[in-house]
């Protein structure tokens, strides 16, 4: 399956600026991309990932993190040779829609998986790929769309606002069947400091966790609520 | 299956105090309970729910909300006659552990489902009930434990802190198999204003949504991020 992985290469993850420097945000964004590509590669099906980056990107440095994975949340290091990088500086919606044009035009299906799904596992991605619907959507927390599979040639995305609801409407409008995927792992995009808790709780390996540990983050539960603290 | 539904009857949902009055918080807590009980009743298996309430509770008033459900996110109104209420003012961990004693002592399994899982659907709960593991856990966002099924007589809960990780350790310590359930619906307990977005996005019917609409809440997407606004 063709899989588009949009990646914001410049000034990524601004909502983490309270806890991470600009350089660290750039590093962790690449670590998350490495984990997503690793999880895609470890699924049972033949994935052909294309990273659609807003700026030139060296995959060899992005994927340099050691991925000490286990069976529970494993994403083995991705093989760079299987990954294509395309630079496209258009807004996300336009860049994705350009790739959806290939559906029906040679491709049976195109998947779009966000690069910040640091909790994604092969099993969670299989649940995205499996349903035989025209459109399969993994909603993100907050009404977004974190991952989808498009098998209908007329379906186009619109990532602005509550895109999950918009994508339901767009599918209904063209008579396309839509199936949601109920996954906490795919619903969790790493945008804010509270999201880092999810990485430390739900990943026992992977580049993103390794990166957070290297930066000195650990879980903090002293006041009864779970947060991250940095030494 | 025996299902324990712990319910904080007095001063519930204090983290919603910025957007809801004390009386409204009490009303919405009961609406969420009604949705959870309705979803349990609509699963394929014979559920015997016991609401373990910190104070006396009138189920007939708690379940009075009109549940205008649909097939996608439906939780038909629960039948009060099938639900038992027990008052237990001990801390959550103690109240739940007292009920887990029945595992191996007559019961094959006891499930514990939090009363604030307003997104729970019959399908999501089936995924909790289905795995044949000694302990099945649906983690909550932030490291908590939102729902579990216990089939091992020695397993006991500890809800303090990052309880999902603690429950994994407790299971490992007694040689019990543990299977996590990857569900956004079960991971989403309604604690904070941002969680109300999830109700309005993912429920098209149900008591909790009806309650929020009655209070004048709607989705607000004008600044690109999705929040709730109150008229």
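Chains as they are written, first to last, in this note's numbering: chain A, 127 to 357; chain B, 127 to 357.
Ideal placement from N, C-alpha and C gives every residue a C-beta, glycine not left out.
- Contact between the segment 209-221 of chain B and the segment 139-156 of chain B is not established, with fewer than three Cβ pairs separated by less than 8 Å.
- Each of 317(B), 215(B), 340(B) was checked against the Cα of residue 136(B), and the nearest Cα belongs to 215(B).
- For residue 312(B), same chain residues with a beta-carbon under 7 Å away, outside a window of 5 residues either side, are 243, 246, 250, 254, 264, 272, 273 in chain order.
- Within chain B, no residue has its CB atom less than 7 Å from the CB of residue 146(A), the nearest being about 20 Å off.
- Interface annotation, residue 309(B): in contact with chain A, CB-CB separation under 9 Å.
- Within the same chain, and ignoring the five residues on either side of residue 218(A) in sequence, the residues whose Cβ sits closer than 6 Å to its Cβ are 132, 285.
- With a minimum length of 4 residues, the unbroken runs of alpha helix (DSSP H) contained wholly in the segment 308-347 of chain A fall at 310-313, 319-328, 333-340.
- The beta carbon of residue 169(B) is closer than 8 Å to those of 248, 251, 252, 255 in its chain, skipping five residues each way along the sequence.
- Excluding residues up to 5 positions away in sequence, 132, 178, 214 lie with their Cβ nearer than 7 Å to the Cβ of residue 221(A) in the same chain.
- Residue pairing by DSSP puts residue 356(A) in a beta bridge opposite 343(A).
- Spanning the alpha carbons of residue 225(B) and residue 340(B) requires a straight line of approximately 36 Å.
- Bridge pairing for residue 178(B): 132(B), 212(B) [DSSP].
- Excluding residues up to 5 positions away in sequence, 274, 275, 276, 277, 278, 281, 293, 297, 302, 303, 304, 305 lie with their Cβ nearer than 8 Å to the Cβ of residue 261(A) in the same chain.
- For residue 153(B), the enclosing alpha helix (DSSP H) stretches over residues 148-167.
- The straight-line gap separating the alpha-carbon atoms of residue 308(B) and residue 291(B) is approximately 15 Å.
- In this structure, 188(B) is the residue among 352(B), 335(B), 188(B), 148(B) with its C-alpha nearest to the C-alpha of residue 163(B).
- Annotated as distal: residue 288(B) and residue 334(A), with beta-carbon spacing of 9 Å or more.
- Considering only beta carbons, the part of the segment 257-269 of chain A lying closer than 8 Å to chain B consists of 265, 267, 268, 269, in chain order.
- Residue 138(B) and residue 151(B) have their alpha carbons spaced roughly 6 Å apart.
- Restricting attention to 268(B), 337(B), 235(B), the CA atom closest to the CA of residue 257(B) is found in 235(B).
- The residue from 322(B), 176(B), 241(B), 328(B) with its alpha-carbon nearest to that of residue 342(B) is 322(B).
- Rounded to whole angstroms, the gap between the alpha carbons of residue 327(B) and residue 351(B) is 13 Å.
- For residue 224(A), the three-state secondary structure derived from DSSP is helix.
- Contact with chain B is absent for residue 293(A), since none of that chain's Cβ atoms lies less than 9 Å from the residue's Cβ.
- Check the Cα spacing between residue 182(A) and each of 299(A), 134(A), 331(A), 232(A): the tightest is with 134(A).
- In this structure, DSSP gives residue 271(A) an extended state, which the three-state scheme calls strand.
- In the DSSP secondary-structure assignment, residue 305(A) is bridged to 262(A).
- DSSP places residue 297(A) within a helical segment (H, G or I) once states are collapsed to three.
- Annotation: Cβ neighbours of residue 288(A) in chain B (cutoff 7 Å, chain order): 327, 345, 347, 352.
- At least one beta carbon of chain A lies nearer than 9 Å to the beta carbon of residue 253(B).
- Counting C-beta atoms within 10 angstroms of its own C-beta, residue 231(B) has fewer than 16 neighbours from the protein chains shown and is therefore classed as exposed.
- Secondary-structure assignment with DSSP links residue 237(A) through a beta bridge to 129(A), 275(A).
- A Cβ-Cβ distance of about 5 Å is found for the pair residue 173(B) and residue 129(B), placing them in contact under the 8 Å criterion.
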